[in-house]
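Take 45 as the starting number for the sequence shown in our numbering and just add one per residue. Ideal Cβ positions, reconstructed from N, Cα and C, are used throughout, including at glycine.
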Amino acid sequence: MALVFVIDDEARQRKLYADTLRDAGIQVEELASAEMALDKLQSITPDMIISDVRMPGMNGITLLRQVRASHFELPFLLITAFADIRDAVKALKLGAVDYLEKPIDLDELLAAVNDVLKLDTKHDHNIAIPPKLQKNIIAESDVMKVLFKDAYRVSSSDATVLLTGESGTGKEVLAAFIHNTSNRAKASMVTLNCAAIPSTILASELFGHKKGSFTGAVKDRKGIFRESDKGTLFLDEIGDMPLELQPSLLRAIETGMISPVGSDFESKVDFRLIAATNKNLDDAVKVGKFREDLFYRLNVISFHIPPLRERRDDIMPLARFFLARKSFKDVRFSQATVKLMQNYNWPGNARELANAVERAAIISNTDIILPEHLPPVIANASKENSMSATSAFSVKTINQAEIEAITSALQEVSGNRTKAAKILEISRRALIYKIKRFDLG
Numbered sequence: 045m046a047l048v049f050v051i052d053d054e055a056r057q058r059k060l061y062a063d064t065l066r067d068a069g070i071q072v073e074e075l076a077s078a079e080m081a082l083d084k085l086q087s088i089t090p091d092m093i094i095s096d097v098r099m100p101g102m103n104g105i106t107l108l109r110q111v112r113a114s115h116f117e118l119p120f121l122l123i124t125a126f127a128d129i130r131d132a133v134k135a136l137k138l139g140a141v142d143y144l145e146k147p148i149d150l151d152e153l154l155a156a157v158n159d160v161l162k163l164d165t166k167h168d169h170n171i172a173i174p175p176k177l178q179k180n181i182i183a184e185s186d187v188m189k190v191l192f193k194d195a196y197r198v199s200s201s202d203a204t205v206l207l208t209g210e211s212g213t214g215k216e217v218l219a220a221f222i223h224n225t226s227n228r229a230k231a232s233m234v235t236l237n238c239a240a241i242p243s244t245i246l247a248s249e250l251f252g253h254k255k256g257s258f259t260g261a262v263k264d265r266k267g268i269f270r271e272s273d274k275g276t277l278f279l280d281e282i283g284d285m286p287l288e289l290q291p292s293l294l295r296a297i298e299t300g301m302i303s304p305v306g307s308d309f310e311s312k313v314d315f316r317l318i319a320a321t322n323k324n325l326d327d328a329v330k331v332g333k334f335r336e337d338l339f340y341r342l343n344v345i346s347f348h349i350p351p352l353r354e355r356r357d358d359i360m361p362l363a364r365f366f367l368a369r370k371s372f373k374d375v376r377f378s379q380a381t382v383k384l385m386q387n388y389n390w391p392g393n394a395r396e397l398a399n400a401v402e403r404a405a406i407i408s409n410t411d412i413i414l415p416e417h418l419p420p421v422i423a424n425a426s427k428e429n430s431m432s433a434t435s436a437f438s439v440k441t442i443n444q445a446e447i448e449a450i451t452s453a454l455q456e457v458s459g460n461r462t463k464a465a466k467i468l469e470i471s472r473r474a475l476i477y478k479i480k481r482f483d484l485g
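Take a look at the structure:
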């Protein structure tokens with residue numbers, strides 16, 4: 045059995061990588077520092093080393109250099125949250141077999157290991173979700189089936205998860221699924237919408253406060269970090285977190301230590317963080333509205349939830365689910381209504397769909413929903429769509445060109461997604477999303 049050293053000072057990330065490799069039948073030695081790895085190398089020579097770059101003490105680049113001095117041919121894979129091309133070039137010149145950027149795609153990690161060890165370590169998207177948990181999943185589209193299976197795969201880890209996607213796509217639903225299938229399911233998932241809380245009191249909501257620490261603080265408050273102890277903390281709209289609070293949030297993620305407003309005392313909290321945003325945090329970092337170090341701490345595992353218009357197979361299953369949830373389970377849709385709903389783009393996504401079908405059921409007051417019961421905007425959009433066939437053809441042509449460009453780039457670098465993304469001048473996360481969207485394997 046192949047042996048791989050996994051080196052990362054962040055325990056949650058280290059365990060995620062290690063568990064993924066163990067699931068593929070690989071023996072793993074987890075090490076918390078480069079110094080520990082060098083010490084271990086005195087007695088054991090692994091088949092491969094996987095190491096984070098940025099670590100306290102000796103970093104991954106220095107470790108690579110020292111390993112090369114004594115184990116010249118030992119395969120070495122570097123992982124970093126800091127996409128620094130100079131580090132990448134330096135690592136490759138020193139003999140690294142590859143350089144992966146966080147958030148790590150587990151398919152890509154296994155593919156990189158397979159390239160070196162020549163093992164059958166293909167990521168199994170067909171992992172079985174237990175039947176008792178499947179009842180909470182409304183997903184007929186292939187992209188959502190894969191998304192839920194990948195979320196289930198990482199749910200047992202405590203790694204931080206970042207969910208991205210337009211408003212109303214179901215980020216909180218996916219967060220709840222991850223929590224409910226995790227080892228923390230018996231505890232609570234505590235939710236806070238960062239955009240809904242005035243910045244003046246957000247620190248108190250997050251970290252709690254001591255009585256008398258500010259006007260209106262008439263008693264002690266725990267704060268949601270401590271409320272989520274042993275459970276999961278879901279921070280929605282994390283992109284709206286005020287810049288001045290981001291260092292405190294970063295410290296809480298890194299250390300698990302929480303200090304209430306007005307107190308010098310810190311307490312340890314055991315939580316798993318899931319964050320969500322409908323904003324592009326890469327752009328927010330570039331313009332100085334979001335801290336780069338916080339972004340990389342959040343972006344350990346990332347899932348993008350596509351809009352409803354890109355997964356039309358989910359529209360009617362979701363519509364029927366929303367009706368049943370509102371006690372309209374015997375109400376059905378006419379064929380003309382189904383056609384209208386499937387052709388509509390749903391800019392408000394699942395949230396708009398839920399409101400539309402509830403309104404239609406109430407207006408209908410019968411057991412069948414007809415086109416005239418739907419909001420007028422849906423029928424009007426259908427008329428506009430029928431007048432823009434040439435536009436649809438153009439979109440199809442653009443999509444085909446995109447597929448060809450992605451396929452060509454992947455072939456050029458033998459399937460390495462990190463290198464292909466650089467050729468295409470897009471982020472690796474965007475490339476992975478497009479590969480799944482176009483079913484490119």
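Item                                                                                                          : Value
Reduced DSSP secondary structure (H/G/I, E/B, other) of K189                                                  : helix
Beta-carbon proximity check, F251 vs S303, cutoff 8 Å                                                         : yes
Segment contact, 8 Å Cβ cut-off, at least three pairs: the stretch 320-339 with the stretch 141-158           : no
Where R341 falls, given that 16 or more other Cβ within 10 Å makes a residue buried                           : buried
Cα-Cα separation between V335 and K84, rounded to whole angstroms                                             : The amino acid at residue 335 is misidentified as Val; the sequence shows Arg. Rounded to whole angstroms, R335 to K84 spans 36 Å at the Cα level.
Where L317 falls: helix, strand or coil (DSSP)                                                                : strand
M431 to I470 span [Cα, whole Å]                                                                               : Confidence at M431 is low in this model, with a pLDDT of 48, below 50, so its placement is unreliable and the value that follows should be read with caution. If you take the alpha carbons of M431 and I470, they lie about 33 Å apart.
Contact between the stretch 214-221 and the stretch 274-281 (3+ Cβ pairs under 8 Å)                           : yes
Q71 - partner residues in DSSP beta bridges                                                                   : L47
Entirely enclosed beta strand (DSSP E) segments - the stretch 384-410, minimum 3 residues                     : none
Buried or exposed (CB count within 10 angstroms, at least 16 for buried), P90                                 : buried
For M489, the three-state DSSP class (helix, strand or coil)                                                  : Past the edges of the chain, shown from 45 to 485, lies residue 489, and the structure says nothing about it.
Option in K59, R270, R355 and A425 with minimal Cα separation from D7                                         : Residue numbering for the chain in the displayed model covers 45 to 485; residue 7 lies beyond these limits and cannot be assessed.
Nearest-angstrom Cβ-Cβ length linking I412 and A404, presumed shorter than 8 Å                                : That belief does not hold up - the Cβ atoms of I412 and A404 are roughly 10 Å apart, past 8 Å.
Cβ shell of A125 (< 6 Å), same chain only, five flanking positions each side left out                         : K146 and Y340
Rounded straight-line distance, which links the Cα of L206 to that of I345                                    : 6 Å
Alpha-carbon to alpha-carbon, A239 and D151                                                                   : 34 Å
Euclidean distance between Cα positions of A368 and A400                                                      : 14 Å
Check whether R481 and V187 have beta carbons under 8 Å apart                                                 : yes
Enclosing beta strand (DSSP E) for V234 [first to last residue]                                               : M233 to N237
Selection from R228, I70 and R395 that minimises the alpha carbon distance to N158                            : I70
Counted within 10 angstroms of its Cβ, other Cβ atoms place R66 as buried (16 or more) or exposed             : exposed
The ligand NAP heavy atom lying under 7 Å from the CB of T213                                                 : The ligand NAP is not part of this structure, which contains no ligands at all.
Other residues of its chain near Q444: CB distance less than 7 Å, five sequence neighbours each side excluded : none
Contacting residues, own chain, Cβ-Cβ under 7 Å from L294 (five flanking each side not counted)               : R335, D337, L338 and R341
Assigned secondary structure, E79 (DSSP; H/G/I helix, E/B strand, else coil)                                  : helix
Proximal residues to D357 (C-beta, below 7 Å), its chain only, five neighbours per side dropped               : E184 and S185
Terminal residues of the alpha helix (DSSP H) in which D327 lies                                              : L325 to K330
Classification of Q57 by the beta-carbon crowding that lies within 10 angstroms, buried from 16 upward        : buried
Residue interval of the beta strand (DSSP E) (run including V205)                                             : V205 to T208
Rounded separation between E446 and N460 - CA only                                                            : 18 Å
Run of the beta strand (DSSP E) containing L338, from where it starts to where it stops                       : That residue, L338, is in no beta strand (DSSP E); its alpha helix (DSSP H) goes E336 to L342.
Alpha carbon of K312 to alpha carbon of L163, nearest angstrom                                                : 41 Å
Exposure label - D374; buried when at least 16 CB within 10 Å                                                 : exposed
Within the stretch 340-374, ranges of the beta strand (DSSP E) (whole runs, at least 3 residues)              : 345-348
Where the beta strand (DSSP E) through D149 begins and ends                                                   : Run containing D149: none; DSSP gives neither H nor E here.
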